Amino acid sequence: MKTAPLCLALLCSAAAADVVVQRWGVSGHVQHPGTLQFRDEGAKGVRLAFNLSALPQGVKVYRARLVFERDGMYGRAFEIVPAAGGDALKLVPPWNRSFDATAVVAAWANAGAKSGELLLRRAPGFRREATVLEVAFEGKPLGGTALPREQVSDLKAISRAGQVFLTFREIEDISEGHDDYSWGALIKKSSGYNVEMLRPNDAAREVRYRVYRSGKPITPATIGEAELLAEVVPGSRFNTRQVRRIWTGEQTPSLLDEKFVAVRLAVEDGKPLPSGVGKYVHTVPRGGQGYYAVVAAINGVENTLEVPCVGPIEERPAPPEPVMYKEVVAEVRERERKLQYIQRWYNWYVGPPLSHIPLCYDVVVGFCPERLKKPASLYIHRGHSWIEEPEPVGPRLTEGLDLAHCSDAPNAFWMGINEACHTLQGVEEGKWQPFPQRRQEALIEWLDRQFGLDRDRIVAALGAWGLMEFTKPDIYAYVHGWGMPEVTKGFQAWQRACGVWGGVEAYANRPNAENPFWQQDYTRHILENPATETPFLDIHLGWGAHFTEMGWPPWPRFLRAMLDTKRPFVFRWQVPDTKRPALRRNQSVPAFGNCSLDDNPGVGDLNNGETFSAQLNGYLNWDSQSIVDDAARWEMTVWLDDSAPLPECTVDLTPRKCQRFAARPGQSFQWSNTSLADNRTTAGKASADRWGLVTLPRLAITKGKNRISIQGTVE
106 MKTAPLCLAL LCSAAAADVV VQRWGVSGHV QHPGTLQFRD EGAKGVRLAF NLSALPQGVK
166 VYRARLVFER DGMYGRAFEI VPAAGGDALK LVPPWNRSFD ATAVVAAWAN AGAKSGELLL
226 RRAPGFRREA TVLEVAFEGK PLGGTALPRE QVSDLKAISR AGQVFLTFRE IEDISEGHDD
286 YSWGALIKKS SGYNVEMLRP NDAAREVRYR VYRSGKPITP ATIGEAELLA EVVPGSRFNT
346 RQVRRIWTGE QTPSLLDEKF VAVRLAVEDG KPLPSGVGKY VHTVPRGGQG YYAVVAAING
406 VENTLEVPCV GPIEERPAPP EPVMYKEVVA EVRERERKLQ YIQRWYNWYV GPPLSHIPLC
466 YDVVVGFCPE RLKKPASLYI HRGHSWIEEP EPVGPRLTEG LDLAHCSDAP NAFWMGINEA
526 CHTLQGVEEG KWQPFPQRRQ EALIEWLDRQ FGLDRDRIVA ALGAWGLMEF TKPDIYAYVH
586 GWGMPEVTKG FQAWQRACGV WGGVEAYANR PNAENPFWQQ DYTRHILENP ATETPFLDIH
646 LGWGAHFTEM GWPPWPRFLR AMLDTKRPFV FRWQVPDTKR PALRRNQSVP AFGNCSLDDN
706 PGVGDLNNGE TFSAQLNGYL NWDSQSIVDD AARWEMTVWL DDSAPLPECT VDLTPRKCQR
766 FAARPGQSFQ WSNTSLADNR TTAGKASADR WGLVTLPRLA ITKGKNRISI QGTVE
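In short: position in the sequence shown from 1, add 105, done, that's the working numbering.
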């Protein structure tokens, strides 16, 4: 971690600036009100006419951006072209909340045009009165306005793990000098909040902080050539994911706990940001050296009279790493021995491709240092359905690592959202992407670098919704939870799916891999890929499994497909946790099917069958320590748990996830079933099916344990 030097550049004269930023628009916080008119032209669209008479002829235009405001998570695409002809305006990444109008405004200025027109060929609903054209140009302030004199101070930069962390003293301290500040006080000074930020209250004046980057020192004379990276709102030091709400019942909205002390973000381990300090985190896209500047902007006008600048900063691309903001130590007991369980809470600042826009996500890692093995197993706990913050497991005795992190906002079943969410990009232009899974896999890599992971012992607890981990046997040893095989079934889940993904129509003509409504059907996945392995799946209820609202109908179909494709799974395992086998990614597991003790889950109608009270394979167990998995021989000891209602059952058994044992379609094998209680053996022959799977039908399995052996010929 490196702290960059500060290069503060001041203009010799405070009466003028080389670069001025002003706005043209209808009304509000603009320097040129009444200079934008809208003319509806029917099928052609809407014409935007700007009065640019105040802009000097031939003035140098450094930047121009056209900003719209629209409501809702998604909208259809904007199509904006110069009315006189030319290329369509493009969105400015990575935020995609303004359009780059630099070329067209520069052309108007060079031509000495007193007006300029754009044609809005198509657009979603937006607030016309909030539309502004913001122009950064060379010269003096126009219209008798003056540049603001208030400026950020104490600008600092830290380079760490492929990112540059900028902090600065804000011109207004929303927390009035208090490091700790209540949510009740914060919310009264804002217009709301989301996981991205406190929404500022701009009624009196609009305060923002503009962040710039350049390959050379940024001064009042050169800031126009620098890249505008971001616009930061006041109060950026607060964690707007960690908000406490008071539960008032299933059918009533929760209430904001106004006494809750707002959680502070950190850019250095163990150092939450103090009062009055703003921050921005930039992920560097390429190697090199950079200079960074932050200036205050009031009502869109930047203070370019003085430009606080830091640099040069060595920029080395690398995977972003979480920053720890607090550590909680709890006591756990191992018999009479007192041990520590350490829980570390992190801020993780990431953008595309790990997030649709740059955002901060919370990450929690827990472990017992005295018991932690190297390499360590990993238990990933996703938590409940609706929440957007981590839900870590509580302090416990463990030899591995516990991980909890965030889904997207809105929570889209831990499957990802369309990248157009809460931007000006059209939902039909945006691409659905599995952001939570990418983040989870990036966190696995980070933990491996930090602690050293046993990559064969990674478990995902799918607290609610979505089964994307189920498709990745190359990562996960097993997954457990209730995950939902089709999240679009059930009125509540269907309504949410349409909302969080932007509706079915947006994906009508897309490849299946880009369609979340297609991806979310895991019954289809296993039926279409019968030979593809899957992690062992332990399906159980709990953690908010409201099947009546979220969808019981897909479960019997999914369970039938699991049986038909001979998958390793259990539905409502009755075997106590302490007696279950150790499951590893690199170890074979049995796929049980058609057990004589299975219950009837029904057909999807809650009036049919035992529904979610049923169990399938629930009493079966096996020994993971004595498995034989050779090229021509496979062996395993299996048995019925003591909780089984009968001393014996019959069940089909298929070896899955074999590491060495392999069969050609149609190949014959000898098998034997030896009772370890009385040494009696039954034997027979079996042939591999067309997918190379060898199934032993109707094996007799007892509580006294049975040794199953399959042997073939090495060829």
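No residue lacks a Cβ here, since even glycine has one placed at the ideal position from N, Cα and C.
Computed from a predicted structure; not experimentally measured.
- Boundaries of the alpha helix (DSSP H) around Arg-665: 659-669.
- The stretch 248-267 and the stretch 419-430 touch, with no fewer than 3 CB-CB distances between them shorter than 8 Å.
- Beta-bridge analysis with DSSP links Arg-615 to no other residue.
- Using a Cβ distance threshold of 8 Å, Glu-439 and Lys-478 do not count as a contacting pair.
- Phe-204 sits buried, since 16 or more C-beta atoms from the chains shown fall within 10 Å of its C-beta.
- Your pair Val-135 and Val-210 does not check out as a contact, with CB atoms roughly 15 Å apart and the cut at 8 Å.
- Just measuring C-alpha positions, the residue of His-137, Asp-192, Lys-321 sitting nearest Leu-247 is His-137.
- The alpha-carbon of Thr-409 is positioned some 22 Å away from that of Gln-162.
- Scanning its chain for C-beta atoms nearer than 7 Å, with the 5 sequence neighbours on each side dropped, one finds around Leu-333 the residues Arg-168, Arg-315, Tyr-317, in chain order.
- Closest option to Leu-370, judged by alpha-carbon separation, among Tyr-396, Gln-625, Arg-342: Arg-342.
- Within the same chain, and ignoring the five residues on either side of Tyr-724 in sequence, the residues whose Cβ sits closer than 6 Å to its Cβ are Gln-679, Leu-702, Leu-745, Asp-746, Ala-749.
- Leaving aside the five residues that flank Arg-795 on each side, the residues in its chain whose CB is nearer than 7 Å to its CB run, in chain order, Pro-770.
- By the C-beta criterion, the stretch 599-617 is judged not to be in contact with the stretch 631-641, since fewer than 3 inter-stretch pairs fall below 8 Å.
- Asn-778 and Ile-492 have their C-alpha atoms spaced approximately 48 Å apart.
- If you draw a straight line from the Cα of Phe-622 to the Cα of Thr-593, it is about 8 Å long.
- Within the same chain, and ignoring the five residues on either side of Leu-252 in sequence, the residues whose Cβ sits closer than 8 Å to its Cβ are Ala-122, Val-125, Pro-246, Val-406, Glu-407, Asn-408, Thr-409, Leu-410.
- Its Cα nearest to that of Gly-456, the residue Ala-547 stands out among Ala-547, Leu-506, Met-178.
- Excluding sequence positions up to five before and after Ser-287, its CB lies within less than 8 Å of the CB of Glu-363, Lys-364, Phe-365, Val-366, Ala-367, all in the same chain and listed in chain order.
- Residue state for Val-428 is assigned as strand, using DSSP reduced to three classes.
- Excluding the 5 residues flanking it on each side, Ile-485 has same chain C-beta neighbours closer than 6 Å at Leu-508, Ala-565, in chain order.
- Separation of the CB atoms of Ala-182 and Glu-222 is rounded to 20 Å, and the pair is thereby denied contact status at 8 Å.
- In the structure shown, Leu-688 adopts coil according to DSSP, grouped into three states.
- For Thr-807, there is no enclosing alpha helix (DSSP H); the residue is part of the beta strand (DSSP E) that begins and ends at 801-807.
- For Trp-213, the enclosing alpha helix (DSSP H) starts and ends at 207-215.
- In this structure, the alpha-carbon of Lys-261 lies about 21 Å from that of Glu-330.
- Annotation for Asp-123: no beta strand (DSSP E) segment contains it, and DSSP assigns it neither H nor E.
- A Cβ-Cβ distance of about 11 Å is found for the pair Glu-524 and Gly-531, leaving them out of contact under the 8 Å criterion.
- In this structure, Ile-447 lies away from Pro-480, with their beta-carbon atoms at least 8 Å apart.
- Look at the beta carbons and you see the stretch 731-742 touching the stretch 797-815: at least three pairs across the two are nearer than 8 Å.
- Rounded to the nearest angstrom, the gap between the Cα atoms of Gly-789 and Thr-800 is 12 Å.
- Residue pairing of Leu-360 in beta bridges, as defined by DSSP: Ile-351.
- Out of Gly-698, Ala-719, Gln-772, the CA that lies nearest to the CA of Pro-706 is found in Ala-719.
- Annotation: Val-186 to Val-172 spans about 14 Å, alpha carbon to alpha carbon.
- Burial is judged here by how many other beta carbons sit within 10 angstroms of a residue's own beta carbon; Lys-219 has fewer than 16 and is exposed.
- Taking C-beta separations shorter than 7 Å and ignoring five residues to either side along the sequence, the partners of Val-337 in its chain run Arg-313, Tyr-314, Val-316, Gly-383, Tyr-385, following chain order.
- Across the structure, Gly-595 and Met-589 are spaced so that their CA atoms are roughly 11 Å apart.
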